[in-house]
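Worksheet for the structure shown next.
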Amino acid sequence: MASGKVKWFNNAKGYGFINEEGKSDDLFAHYSAIRMDGYKTLKAGQAVVFDIVQGPKGLHAVEIKDAAAAAAEAARPLGEPQSETAKA
Numbered sequence: 001m002a003s004g005k006v007k008w009f010n011n012a013k014g015y016g017f018i019n020e021e022g023k024s025d026d027l028f029a030h031y032s033a034i035r036m037d038g039y040k041t042l043k044a045g046q047a048v049v050f051d052i053v054q055g056p057k058g059l060h061a062v063e064i065k066d067a068a069a070a071a072a073e074a075a076r077p078l079g080e081p082q083s084e085t086a087k088a
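Counting in the UniProt record's numbering, the sequence shown runs from 1 upward without gaps.
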């Protein structure tokens, strides 16, 4: 997975752009590619991890996750259930 920061995200339009760490090109980010519970949105400057795919008009970020949440998920031992607060 790649990492970067959200450049901007428009909730009304449901899309925005992410700057991949160490790269100059922006990646398109659609709300449907955000992997989180509840309202799917991103905030400018938010650290995220994601996969990159070629879209019809350029590169797209997919499987977008908050970097801190992804790190916590990776650190949890296999088979250990999520806490009740993480499920909410």
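C-beta: ideal position from N, C-alpha, C; glycine also.
Alpha-carbon spacing of residue i relative to residue j, whole angstroms
| i | j | result |
| --- | --- | --- |
| Y31 | Y15 | 6 Å |
| N19 | V53 | 14 Å |
| E73 | R35 | 13 Å |
| F9 | G58 | 17 Å |
Assumed close pair residue i, residue j - CB separation to whole angstroms, cut-off 8 Å
| i | j | result |
| --- | --- | --- |
| A61 | A33 | 6 Å |
| D51 | M1 | 6 Å |
Candidates the options: closest to residue i by CA position
| i | options | result |
| --- | --- | --- |
| P56 | L27, A12 and K7 | L27 |
| K5 | L59, Y39, A67 and E63 | A67 |
| S3 | A47, A69 and N11 | A47 |
| Y39 | A75, K7, N11 and P77 | N11 |
Terminal residues of the beta strand (DSSP E) in which residue i lies
| i | result |
| --- | --- |
| A47 | A47 to G55 |
| N29 | The sequence given here places Ala at residue 29; Asn does not occur at that position. Counting along the chain, the beta strand (DSSP E) containing A29 begins and ends at D26 to H30. |
| E73 | Taken as a continuous stretch (DSSP letters only), E73 belongs to no beta strand (DSSP E), being part of the alpha helix (DSSP H) at A67 to A75. |
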